[in-house]
Amino acid sequence: MSPTDIDAGAALPKTRRDFLPLLLPVALALAALPFIVFFSSGTTWVTLTIAGLAMGMMIFVMASGLTLIFGLMDVLNFGHGAFIAIGAYVATLVLVPLGGWMQADSVWLNLAAVVPAVVAAMAVTAALGFAFERVVIAPVYGQHLKQILITMGGMIVAEQLLYALFGPQQIPLALPTSLRGSFLIGEAAIEKYRVVAVLVGLVVFLAMLLILNRTKIGLLIRAGVENGEMVEALGYRITRLFVGVFMAGSALAGLGGVMWGLYREQVNAAMGGELLVLVFIVVIIGGLGSVTGCFIGALLVALATNYVGFLTPKLALITDILLMVIILLWRPRGLYPVTSR
Amino acid sequence: MMPLSGDPPRSRILAIALIVIVVVLALAPFLFPGAKPLNVAAKICIFIALAASYDLLLGYTGVVSFAHTMFYGIGSYGIAIAMYGLGPRWDAAALGLVVALPLAAALALVIGLFSLRVQTIFFAMITLAVASAFAVLASQLSWLTGGEDGRSFQVPQVLRPGFRFDLLGVTVTGRMLTYYLVFACCLLLFLLLLRIVNSPFGRVLQAIRENPFRAEALGYRTVMHRILANCMAAAVAAAVGALNALWLRYTGPDTSLSFSIMLDILLIVVIGGMGTMYGAIVGATLYVLAQNYLQTLMGTVSAAAGEAGLPLIPSLFHPDRWLLWLGILFIASVYFFPAGIVGKLRGVNPR
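Chains R and P, in that order, are what the protein sequence lines are. Quick note on numbering: the numbering used here labels position 317 of the first sequence as 329, and the sequence is numbered without any gaps. Quick note on numbering: the numbering used here labels position 121 of the second sequence as 123, and the sequence is numbered without any gaps.
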């Protein structure tokens, strides 16, 4: 058999699955258990864990867009934080006039207020993402230095415009009635909204995995991550793919912003910048460009913040950084580095 | 050409502008009596040295750091904490420097080891994260740093405003002496940086900026060079921070660690011209003058538009929205003006 013959029947060599990072959040939660039981009780641990999961899911929703955009387009969007804040503000603009429905004691009326708010937030951020990609980022593809500078500039301008339009004050954003309060499981009180946040995060994560692994678009995106030129050579317009992914990533940032605003029950113009730092840490921990890594990174950061915040509040200020340092000592490119970069 | 390390301005207009700036700064206490102009002059000196140290990173090494204010802050806090704790003595200032400079360099080394190995984009993200954590830490550890209020401290007798003596018929005050201390140190730091970028080491940095693979193939250890450049820039920034603290006799989060100072530096370097060093002088002078005199103008415009009843204009031109216009200017200059003022004057076509 000459070496050029290809045995079409033979299976492709299987890529080795790397499950170790998946165990990290579980290990972290279990490691924290004895300490928290020692200082408080098991129910505190349950509450903290659920809070951590909810926070992690929200951070994941915000960060997933950033990591996907980086993976495909090799663009690190420092303006991502602006989309988060804009999403939250758009939702507030929709929800304030619908205040009556939000306060009503009916799930359906509450939904009738929240769903349009979320849709509006995602639509506006997607549209802005389109404009931002075409006008601001397209001229500087492949030039990292300029990308960083320009997207950072975009971030500042957007944040300042929010200040100019809405003022520097915190704008309250009340949760709808049906999401307020908490369940009791045994002794542990679990806030309803946190459960909803976990569910939304899981849905986003699973949807992203399905789209990336089971659809043609996903195949193209993954191929684009590996080798964009080859995808183009095969006749696909990679710029359209870029725009689409950028819009989707921005819309996810908007969704994350709405969720975070409802979680904190307030929005302000500085939230984008603050969350951007958190999102960066998560994306670095996960490995730039990896959705699964981003998911695990978000959970790790949120759980660690919650546990450490409970045990030693002073240390909580630098928990994220310490976690990032530990992970990078173990894997210098993050948990799941994207191989081509 | 020895002090300029064989790297002259290479443009007649630029040379004249530089001479005017340096001469005016050197004579500032005599040309402009009064507290505010002297403050502006000192700030220009400080920002020239700070922006030049940042240019070593951004312009010559081609890496974006968002932690430059952290190192600046370490220097500021080093002096402030030492003088606050030990009193207005020179040995306290020296102790502050001896602790702060190596600390800044060591921190830069650690950050570099973590992030410069991988990718410059990693470095930008990690410096942003570390710097924001540091700022939070500095404002929370109030027993050490004074928290949000910062630390006011006394300076040695000869640097106080009340100290005066006659020199050849001219009254010299302690404030003037402080100014000349700041001026001389900033000038020396600038010349040192100019020497560094024109040394063989600086040439390697530029080679790495242009093509890291080729530089590595030629046998230069790119990571070590980048890390070393990062440490040098950090140490200079810390020294400048110490000077700033001495001048203000105060250190707080707003004067040393705030993100807006980071943006100031970025803007100065980009507008002045990346990778030119002289860009820092031109950029810092224009920028600080604009900040001090245009911001007042913005307030006037905002108030006038408010009285005229125009919508939105008052809030867009409110002095607090200074950063909005800076951001727009920043984006525009990265796009249309990548070589900066110095590049334009030298007639270099931007790549």
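Beta carbons: idealized from backbone N, C-alpha and C, even for Gly. All values reported here derive from a predicted model rather than from experimental measurement.
Buried/exposed call for residue i, threshold 16 Cβ in 10 Å
| i | result |
| --- | --- |
| valine 147 of chain R | exposed |
| aspartate 332 of chain R | buried |
| serine 67 of chain P | buried |
| tryptophan 92 of chain P | exposed |
| tryptophan 145 of chain P | exposed |
| glutamate 309 of chain P | exposed |
| glutamine 181 of chain R | exposed |
| methionine 336 of chain R | buried |
| proline 255 of chain P | buried |
| glutamine 159 of chain P | exposed |
| valine 25 of chain P | exposed |
| glutamate 150 of chain P | exposed |
| lysine 45 of chain P | buried |
| glycine 154 of chain R | exposed |
| alanine 135 of chain P | buried |
| alanine 334 of chain P | exposed |
| valine 272 of chain P | buried |
| glycine 345 of chain P | buried |
| methionine 74 of chain R | buried |
| alanine 306 of chain P | exposed |
| methionine 226 of chain P | exposed |
| phenylalanine 32 of chain P | exposed |
| arginine 323 of chain P | buried |
| serine 201 of chain P | exposed |
| tyrosine 101 of chain R | buried |
Residues that residue i bridges to, as DSSP identifies them
| i | result |
| --- | --- |
| proline 184 of chain R | R/Gln278 |
| isoleucine 202 of chain R | R/Phe195 |
| valine 172 of chain P | P/Leu169 |
| serine 154 of chain P | P/Tyr252 |
Cβ neighbours of residue i in the same chain (closer than 7 Å, five flanking residues each side left out)
| i | result |
| --- | --- |
| leucine 354 of chain R | Within the shown structure, residues of chain R are numbered from 13 to 353, placing residue 354 of chain R beyond reach of any answer. |
| isoleucine 308 of chain R | Pro33, Leu34, Leu36, Pro37, Gly298, Leu347 |
| alanine 244 of chain P | Gly77, Ser78, Gly80, Ile81, Gly98, Leu99, Ala102 |
| leucine 80 of chain R | Val257, Gly261, Val303 |
| leucine 40 of chain R | Leu312, Leu315, Ala316 |
| proline 352 of chain P | At proline 352 of chain P the pLDDT is 44, less than 50, meaning the model places this residue with poor confidence and gives no usable figure here. |
| arginine 345 of chain R | Gly299 |
| arginine 252 of chain R | none |
Cutoff 6 Å; reference residue i; Cβ partners in own chain excluding five residues on either side
| i | result |
| --- | --- |
| cysteine 233 of chain P | Ala107, Ala110, Leu111 |
| arginine 12 of chain P | Arg348 |
| leucine 311 of chain R | Pro37, Gly68 |
| leucine 267 of chain R | Val73, Met134 |
Nonlocal neighbours in the same chain, by C-beta distance under 8 Å from residue i, ignoring five residues either side
| i | result |
| --- | --- |
| methionine 242 of chain R | Ala235 |
| threonine 298 of chain P | Pro321 |
| leucine 248 of chain P | Ile81, Ala95, Val157, Leu161, Thr180, Leu183, Val184 |
| proline 128 of chain R | Val106, Leu110 |
| tyrosine 252 of chain P | Ala82, Gly152, Arg153, Ser154, Phe155 |
| valine 174 of chain P | Arg166, Phe167, Asp168 |
Neighbouring residues, chain P, relative to residue i (Cβ below 8 Å)
| i | result |
| --- | --- |
| lysine 158 of chain R | Val336, Pro340 |
| methionine 336 of chain R | Ile128, Ala131 |
| valine 279 of chain R | Result: empty, since nearest Cβ-Cβ is about 18 Å, beyond 8 Å. |
Amino acids of chain P, ordered along the chain, whose beta-carbon sits closer than 7 Å to that of residue i
| i | result |
| --- | --- |
| tyrosine 175 of chain R | Arg323 |
| glutamine 172 of chain R | Arg323, Leu325, Leu326, Gly329 |
| phenylalanine 292 of chain R | Met127, Leu130, Ala131 |
Listed by chain order, chain P residues near residue i by CB distance under 9 Å
| i | result |
| --- | --- |
| isoleucine 223 of chain R | Correct list: empty, because the minimum Cβ distance to chain P is about 26 Å. |
| proline 151 of chain R | Tyr337 |
Residue i: CB within 7 Å of a non-hydrogen atom of the ligand GTP
| i | result |
| --- | --- |
| threonine 129 of chain P | Absent from the structure shown: the ligand GTP. Ligands present: none. |
7 Å Cβ cut-off: residues of chain R touching residue i
| i | result |
| --- | --- |
| serine 317 of chain P | Ala176 |
| serine 13 of chain P | Under the 7 Å cutoff, chain R gives no residues; its nearest Cβ is about 24 Å from serine 13 of chain P. |
| phenylalanine 332 of chain P | Gly165 |
| isoleucine 128 of chain P | Ile296 |
| leucine 139 of chain P | Leu329, Ile330 |
| phenylalanine 215 of chain P | Near phenylalanine 215 of chain P there are no residues of chain R at all, since even the closest Cβ is about 14 Å away, more than 7 Å. |
Partner residues on chain R for residue i, Cβ-Cβ distance less than 8 Å
| i | result |
| --- | --- |
| glycine 64 of chain P | Leu157 |
| valine 272 of chain P | Leu161 |
| isoleucine 81 of chain P | Those do not exist, as isoleucine 81 of chain P stays about 24 Å from chain R at its closest Cβ, beyond 8 Å. |
Practice problem: For the stretch 49-87 of chain R, list the alpha helix (DSSP H) runs that are entirely contained and at least 4 residues long, ordered along the chain. | Solution: For the stretch 49-87 of chain R, whole alpha helix (DSSP H) runs of length 4 or above, ordered along the chain, are 54-85.
Quiz item: Which runs of the alpha helix (DSSP H), 4 residues or longer, sit entirely within the stretch 181-229 of chain P?
Solution: For the alpha helix (DSSP H) assignment, the uninterrupted runs of no fewer than 4 residues enclosed by the stretch 181-229 of chain P are, from N- to C-terminal side, 202-212, 214-219.
Practice problem: Report the residue ranges of all alpha helix (DSSP H) runs contained in full by the stretch 241-312 of chain R; include only those spanning at least 4 residues, in chain order. | Solution: For the stretch 241-312 of chain R, whole alpha helix (DSSP H) runs of length 4 or above, ordered along the chain, are 250-276, 283-298.
Quiz item: Enumerated in chain order, which unbroken segments of the alpha helix (DSSP H) with a length of 4 residues or greater are wholly contained in the stretch 20-62 of chain P?
Solution: Positions of the alpha helix (DSSP H) runs, each at least 4 residues long and wholly inside the stretch 20-62 of chain P, are given as 37-57 in order along the chain.
Self-check item: Complete alpha helix (DSSP H) runs within the stretch 251-297 of chain P (minimum length 4 residues, chain order)
Solution: Within the stretch 251-297 of chain P, the complete alpha helix (DSSP H) runs of at least 4 residues are 255-258, 261-274.
Exercise. Please go through the stretch 58-124 of chain P and give each complete alpha helix (DSSP H) segment of 4 or more residues, from N-terminal end onward.
Key: Restricted to the stretch 58-124 of chain P, the alpha helix (DSSP H) segments that are unbroken, complete and at least 4 residues in length are 70-88, 92-117, listed in chain order.
Quiz item: Which parts of the stretch 80-166 of chain R are runs of the alpha helix (DSSP H), unbroken and 4 residues or longer, counting only runs that do not cross its ends?
Solution: Taking 4 residues as the minimum length, the alpha helix (DSSP H) runs contained wholly in the stretch 80-166 of chain R are 92-107, 111-115, 119-143, in order along the chain.
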